[in-house]
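Numbering (our numbering), first residue to last: 14 to 234. Where a beta carbon is used, it is the ideal one built from N, C-alpha and C, also for glycine. This report refers to the structure that appears directly beneath it.
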């Protein structure tokens, strides 16, 4: 199967719908979305601690309930914005698998997956919109979930639509980087924040044969 996996950040989910629709005119498109800002807001509202390690959210059982409800809310809004071709899917209901990362709580490293519901939606000319929660359930980073799905369905490309221009080094956006250099940067601890899981996911996908782009930055094998 060929096509494009698009990862949409929670902060720009609804605004990204138009770009998804345009790409879906030419490609089979699978969307994976986050809900980071929404989850953080709800956790603050309920008095739960907000902690990240390497760009991934430490998740307790109480936190997981908020993660799931926030993802479901963003999923509904994004599907409504995309229109009638959108198919809402929750990862733990369609067979998105992950290996638990115990020191982060109910968090998982997603495994390359080819969920039948995603394959069927694409075959019907529709747009699967996947909320990144894995069987368990486990909270999985949306960037990493997008990379896992891109590998699983053998996508042509992985695109990250977010509120960042790309990988920035020395004040400039990097136009292109290979996976080996990306891993060097990730191991050096020079990067922090949301770019860390994005670059890690892009490097994983590129190493597996799926070129990726974070904004203007192309990541290749």
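Check the DSSP bridge columns for residue i and list the partner residues they point to.
i           : result
residue 140 : 99
residue 170 : 17
residue 118 : 72
residue 152 : 120 and 146
residue 233 : 191
residue 79  : Per DSSP, none; premise fails for residue 79.
Kindly indicate which residue of the options has the alpha-carbon position closest to the one of residue i.
i           : options               : result
residue 178 : 126, 83, 103 and 229  : 229
residue 156 : 114, 214, 50 and 83   : 214
residue 129 : 189, 106, 112 and 115 : 106
residue 140 : 36, 43 and 24         : 43
residue 189 : 67, 80 and 224        : 224
residue 93  : 67, 131 and 30        : 30
residue 76  : 62, 69 and 67         : 62
residue 167 : 118, 138, 134 and 222 : 222
residue 70  : 60, 119 and 162       : 119
residue 78  : 109, 25, 59 and 216   : 59
residue 2   : 231, 200 and 184      : Since the first residue shown for the chain is 14 and the last is 234, residue 2 is missing from the structure and cannot be characterised.
residue 127 : 74, 144 and 109       : 109
residue 51  : 34, 90, 35 and 23     : 23
residue 34  : 147, 144, 95 and 142  : 95
residue 90  : 74, 101 and 133       : 101
residue 194 : 212, 16 and 123       : 212
residue 123 : 149, 116 and 134      : 149
Going by DSSP in three states, residue i sits in which element: helix, strand or coil?
i           : result
residue 67  : coil
residue 228 : coil
residue 111 : strand
residue 209 : helix
residue 186 : strand
May I ask which residues mark the beginning and end of the beta strand (DSSP E) holding residue i?
i           : result
residue 45  : 42–46
residue 191 : 189–191
Nearest-angstrom Cα distance between residue i and residue j?
i           : j           : result
residue 18  : residue 171 : 5 angstroms
residue 86  : residue 57  : 17 angstroms
residue 72  : residue 151 : 9 angstroms
residue 186 : residue 180 : 6 angstroms
residue 7   : residue 84  : Any property of residue 7 remains undetermined from this structure, which presents the chain solely from 14 to 234.
residue 65  : residue 32  : 29 angstroms
residue 53  : residue 38  : 34 angstroms
residue 218 : residue 55  : 31 angstroms
residue 98  : residue 206 : 33 angstroms
residue 198 : residue 204 : 7 angstroms
residue 136 : residue 41  : 9 angstroms
residue 220 : residue 125 : 13 angstroms
residue 45  : residue 67  : 20 angstroms
residue 28  : residue 48  : 13 angstroms
residue 209 : residue 138 : 33 angstroms
residue 103 : residue 112 : 17 angstroms
residue 131 : residue 160 : 14 angstroms
residue 74  : residue 81  : 11 angstroms
residue 142 : residue 88  : 7 angstroms
Starting from residue i, follow the alpha helix (DSSP H) in both directions and report where the run begins and ends.
i           : result
residue 156 : 155–165
residue 49  : 49–58
residue 34  : 30–36
For a test of your reading of the model: does the CB of residue i fall under 7 angstroms from any non-hydrogen atom of the ligand ZN? Yes or no.
i           : result
residue 126 : The ligand ZN is not part of this structure, which contains no ligands at all.
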